Amino acid sequence: MSFRLSSSARDYFDKIEQNSSTGDFDSMWDKYYLAAMVGIKARDRIRTDEEPTDDPFVESVISDYDDQKYEIYAALIMAEIERQNIPKREETEIRHLMLEILDSTDPTRLTSYGKTLLNCYAERGYRILENEVPAPGEFDQFLRQYHNTLESV
Amino acid sequence: MKLRVEEIRYENIREFGDMRLDFTRGGSNETHHISLVQMPNGTGKTTTMELIRHLLLGTKLEEEQVREFAPDPEYAPEYAPSQGEFVMTFATDSIRFRIHMELDYEMGSVQYRHSYPQREGGGTDSGHFLPLELEDALTEDFVDLFVFNGELTDDFIETGHDKAENALKIVSRLDRIERQRERIDRIVEKRQEDSGAKTSQGLKQVRTRLNSRREKLQTLEKRRDQLNKDIKQHNSTIEELKEEREEIIAEDKEALERYKELEEEIQRLQTKLQSDAGDLLDDMRRPSALSADFNEDFSELLEHMTILKLPKSTSEEFFNELAEGETCICGRELNKEHREKIRKNAEEYLSDEDIGVLNTLKEQLRNTADVEDFESRFTSLSDTRQELKKNEMEQDQLDLDDPELEQKKQELTEKIESERNSRNEKQEKVDLLTTDDKGQRERFDLDWKTNIPEAKREVNKYEKKVQQASDTVEFSKQADKLEKIFDEFIDRSLSELKERQIQETNERLKQILGLSEVQIESIDDSIKLRGKSGSSEGQSLSVAYAYLSTLFEGSQVDMPFVIDSPAVSLDHKVRREVATIISGLFDQLVAFVISTEKEGFVQNLEPKQHDGSEDIQYYTVHKTDTPGVVQKHTDHDFFMEFTSEEEEATTTVGAE
Chain P
1 MSFRLSSSAR DYFDKIEQNS STGDFDSMWD KYYLAAMVGI KARDRIRTDE
51 EPTDDPFVES VISDYDDQKY EIYAALIMAE IERQNIPKRE ETEIRHLMLE
101 ILDSTDPTRL TSYGKTLLNC YAERGYRILE NEVPAPGEFD QFLRQYHNTL
151 ESV
Chain V
1 MKLRVEEIRY ENIREFGDMR LDFTRGGSNE THHISLVQMP NGTGKTTTME
51 LIRHLLLGTK LEEEQVREFA PDPEYAPEYA PSQGEFVMTF ATDSIRFRIH
101 MELDYEMGSV QYRHSYPQRE GGGTDSGHFL PLELEDALTE DFVDLFVFNG
151 ELTDDFIETG HDKAENALKI VSRLDRIERQ RERIDRIVEK RQEDSGAKTS
201 QGLKQVRTRL NSRREKLQTL EKRRDQLNKD IKQHNSTIEE LKEEREEIIA
251 EDKEALERYK ELEEEIQRLQ TKLQSDAGDL LDDMRRPSAL SADFNEDFSE
301 LLEHMTILKL PKSTSEEFFN ELAEGETCIC GRELNKEHRE KIRKNAEEYL
351 SDEDIGVLNT LKEQLRNTAD VEDFESRFTS LSDTRQELKK NEMEQDQLDL
401 DDPELEQKKQ ELTEKIESER NSRNEKQEKV DLLTTDDKGQ RERFDLDWKT
451 NIPEAKREVN KYEKKVQQAS DTVEFSKQAD KLEKIFDEFI DRSLSELKER
501 QIQETNERLK QILGLSEVQI ESIDDSIKLR GKSGSSEGQS LSVAYAYLST
551 LFEGSQVDMP FVIDSPAVSL DHKVRREVAT IISGLFDQLV AFVISTEKEG
601 FVQNLEPKQH DGSEDIQYYT VHKTDTPGVV QKHTDHDFFM EFTSEEEEAT
651 TTVGAE
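Going down the list, the sequences are from chains P and V.
Counting along the first sequence from 1, when you hit position 20 you're at 20 in the working numbering, and nothing is skipped either side.
Counting along the second sequence from 1, when you hit position 551 you're at 551 in the working numbering, and nothing is skipped either side.
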């Protein structure tokens with residue numbers, strides 16, 4: 001299992017880069033991360049059986065995100081605890097969920113299921129973004145619109 | 001391959017408590033030429049014929065069908081067996097085998113087993129078994145031909161029924177080829193349904209649609225190319241106009257200076273915007289800095305992990321190792337019960353690896369960043385962008401002292417603006433023509449008539465349809481050819497088979513009935529006789545039996561002939577004729593008869609000689625005074641003298 005972003009999500013972010021004369025994203029991970037955090041904050045993801053099937057963009061977490069990957073995973077765990085309505089003091093279920101998502105043996109420290117979940121949040125996040133910011137202009141303008149959208153979900 | 005029936009055995013079936021009909025000669029491996037089994041009506045003749053058919057075919061029976069073979073509990077309520085068995089022993093040239101049909105009356109189920117009488121130690125194996133040559137030959141239709149209901153014999157002769165022709169097809173296996181031929185139509189129909197084009201006309205329609213889509217795609221691509229060419233031209237014109245404008249501005253030294261100042265400022269602001277936006281993105285990469293909500297999430301998760309003591313500071317491995325030792329860490333000795341408890345509770349603790357990853361998570365959550373004030377940075381970015389726009393506008397609208405130059409410059413600026421607008425409009429059109437963004441396609445209602453990627457998909461779709469449809473039309477044509485080949489093959493084979501069958505049956509009839517007797521003229525569904533008016537009913541039936549025996553001789557398997565009621569509906573004269581012919585036609589004949597059909601039939605049978613005596617055996621199976629119990633006799637005189645009052649009363653037989 002790998003990190004995946006649907007082709008329509010890629011097109012959306014590519015267009016921002018095409019339209020902008022003042023900067024662009026450094027990597028696909030930037031686009032993936034920004035989309036995923038919108039989905040996670042909205043506590044909304046597509047169903048795991050609808051996970052994008054496009055070619056994975058990368059197998060690993062790139063160095064830009066290596067230090068903060070656990071923050072992303074923690075946010076993912078919290079979103080799932082809420083989505084699954086797990087009572088906050090339910091030790092066994094929370095532990096079970098954490099171990100379903102985290103994997104000490106994988107270089108990314110995520111299980112296949114954990115990656116699927118993150119892919120599903122990223123896909124939903126992109127759809128929210130596209131809905132809120134349908135025609136982004138310059139890169140700096142998009143970042144502002146992105147931040148507004150993130151705060152509003 | 002020669003097949004013989006050596007024995008039939010009943011156990012707890014209807015009124016047969018435990019009975020055996022042995023068709024071999026004095027315990028040898030040779031079977032009698034003729035075995036007559038006299039059973040009054042209601043004793044189990046039809047049941048036996050039915051069981052033989054099921055046993056040969058390994059039929060799976062319904063619950064009700066199985067229970068119909070159960071002994072009537074009214075006759076033996078204290079006994080009422082829950083299981084019954086029907087067994088037949090067969091011999092071929094190379095093997096003797098038994099098929100066991102085990103009937104479970106309680107469950108309503110049937111199970112087949114098989115065994116080999118010569119095997120040392122006996123024992124049965126599960127499952128139905130037939131030697132390979134038989135397995136392939138014994139279809140339901142084929143079994144009906146040699147486990148035969150005698151009352152249906154006259155269906156073979158001049159009735160218009162297709163029994164005779166069908167029998168020929170079954171034995172020669174042409175019936176299977178006919179069934180394959182019938183499958184062709186069904187396969188073609190299914191294929192046509194799937195592809196949506198049944199005929200050449202349908203294929204033409206799909207092709208027309210494909211062509212219209214190809215043409216549309218070409219038109220769209222041409223339009224895109226033209227637009228791109230125009231955009232390029234606009235850009236080049238803009239550059240030329242800008243140069244021209246700069247030359248005019250250059251004539252005004254002061255203005256030129258300002259123009260250059262603005263140009264530098266524009267460059268600086270663009271660089272600043274790029275760098276600030278890059279820095280912003282860099283800081284946004286940290287969720288804890290990105291939003292206060294994430295920060296709250298992390299605090300909450302950390303709190304839960306602490307309250308729930310996740311991960312446990314002690315690992316599962318620790319307790320598992322502890323349970324291996326002799327004593328606990330407190331020094332007390334551990335017994336089996338302690339160890340089991342420790343191992344069970346150890347499952348609640350995490351492995352070393354899991355502890356590692358959860359501890360790292362916890363550690364990271366303790367060191368999250370503070371939320372960044374992005375708003376003020378965005379405001380600053382926005383200010384920079386405004387300034388950039390202002391400078392760009394001023395550069396465009398820079399006033400010149402000389403009114404004539406100013407006029408020219410303004411005209412050029414307007415032209416540049418107009419060129420830009422035209423270019424941007426065309427760029428938007430190109431975007432819509434080429435976008436593969438689903439969301440954008442939906443917003444602008446784009447389809448294959450207006451969007452190149454959609455048109456490409458549509459062309460691909462119709463290329464596949466044309467492929468499928470042309471395959472199907474071609475497939476149908478080939479299927480027609482194949483059907484014709486099948487038909488021709490069946491017709492020719494059947495015609496040759498009929499010719500041979502007629503010739504061989506007639507030769508046989510000549511041998512048995514003499515030269516002047518009846519002959520087959522043709523087989524057209526049923527058998528048509530030459531000079532029918534001159535032949536007796538007995539002769540006609542003899543033809544039917546001769547026909548059947550010739551069929552079996554021509555088949556790969558030489559079958560025994562097991563017949564039920566061969567003479568019951570015949571008058572005495574006919575019986576004599578039938579008895580004469582039927583004796584010579586089959587190597588093993590097992591006939592189930594009732595007492596009223598003996599007269600005229602049994603005396604005229606012509607069994608082969610064996611050791612100086614006639615090779616015929618006589619069984620009589622009849623009910624006794626005890627309800628539900630039948631008895632078996634093997635004596636010839638008993639057989640001949642036995643009469644069933646009921647049959648005498650109900651059967652009307654024409655007197656000789």
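Built from N, CA and C at the ideal position, the CB exists for glycine as well.
Since the model is a prediction, treat every value here as computed from it, not as a measurement.
Check	Outcome
Status (buried if at least 16 other CB within 10 Å, exposed otherwise) for Lys409/V	buried
Neighbour list for Arg109/P in chain V, Cβ cutoff strictly below 9 Å	Val357, Thr360 and Leu361
Any non-hydrogen atom of the ligand NAP within 7 Å of Asp283/V CB	Judged by which ligands are present, the structure shown has none, so any question about the ligand NAP falls away.
Limits of the beta strand (DSSP E) - the one that Arg530/V falls within	Ser526 to Arg530
Closest by C-alpha distance to Pro131/V, when choosing among His114/V, Asn421/V and Gln201/V	His114/V
8 Å Cβ cutoff, Phe13/P in contact with chain V	no
Ala91/V, enclosing beta strand (DSSP E) - first and last residue	Gln83 to Ala91
Endpoints, alpha helix (DSSP H) assigned at Asn149/V	Looking at the DSSP string, Asn149/V is not in any alpha helix (DSSP H); the run it does join, the beta strand (DSSP E), is Val147 to Asn149.
Leu61/V at chain P interface by Cβ criterion, 8 Å	no
Within chain P, the residues that Pro287/V reaches when beta carbons sit closer than 7 Å	Met37, Gln68, Glu71, Ile72 and Ala75
Runs of alpha helix (DSSP H) wholly within the stretch 60-148 of chain P (minimum 4 residues, chain order)	63-66, 69-83, 91-101 and 112-132
Against chain V: residues of the stretch 2-32 of chain P by CB proximity under 8 Å	Ser7, Ser8, Asp11, Tyr12, Lys15, Ser21, Thr22, Gly23, Phe25, Asp26 and Asp30
Buried versus exposed, by CB contacts within 10 Å (16 or more), Ser63/P	exposed
DSSP state of Asn235/V mapped onto helix, strand, coil	helix
Sequence-distant residues of the same chain with beta carbon closer than 6 Å to Leu217/V, five excluded per side	Ala455 and Val459
Glu353/V: contacting residues in chain P (beta-carbon distance under 8 Å)	Ser104 and Thr105
Proximity to Leu102/P [Cα-Cα], best of Tyr73/P, Tyr65/P and Ser20/P	Tyr73/P
DSSP-derived helix/strand/coil call for Ser555/V	coil
Helix, strand or coil at Ser109/V according to DSSP, with G and I counted as helix	strand
CB-CB length for Ile77/P against Ile86/P, believed under 8 Å	With 8 Å as the limit, Ile77/P and Ile86/P do not qualify as a contact, their Cβ atoms being about 10 Å apart.
Residue range of the unbroken beta strand (DSSP E) whose run includes Ser35/V	Ile34 to Gln38
Cutoff 8 Å: Glu300/V Cβ touching any chain P Cβ	yes
C-alpha distance - Pro117/V paired with His100/V, whole-angstrom precision	12 Å
Buried or exposed by the 16-neighbour rule on C-beta atoms within 10 Å, applied to Tyr146/P	buried
Sub-8 Å separation of Ala277/V and Asp140/P beta-carbons	yes
Neighbourhood of Phe586/V by C-beta distance below 6 Å, restricted to the same chain and skipping five residues each side	Ser549 and Phe561
Environment of His96/P [buried if 16+ CB atoms lie within 10 Å]	exposed
CB contact check: Leu657/V to chain P, cutoff 8 Å	Not covered by the structure: residue 657/V. The range shown for chain V is 1 to 656.
Beta-carbon proximity list for Ser35/V, same chain, < 6 Å, skipping 5 on both sides	Phe23, Val590 and Gln617
Own chain residues within Cβ distance below 6 Å of Ala250/V, not counting five before or after	Leu256
Endpoints, alpha helix (DSSP H) assigned at Asn166/V	Lys163 to Ser172
First through last residue of the alpha helix (DSSP H) which encompasses Gln631/V	Not the alpha helix (DSSP H): Gln631/V falls in the beta strand (DSSP E), residues Val630 to His633.
Rounded Cβ spacing between Pro239/P and Arg443/V (contact assumed at less than 8 Å)	The structure shown does not extend to residue 239/P, since chain P is modelled only from 1 to 153, so the question has no answer here.
Ala292/V (DSSP reduced to helix, strand or coil)	helix
Within chain P, partners of Phe374/V - CB distance below 8 Å	His147
Contact residues within the stretch 198-228 of chain V, judged by C-beta distance below 8 Å to chain P	none
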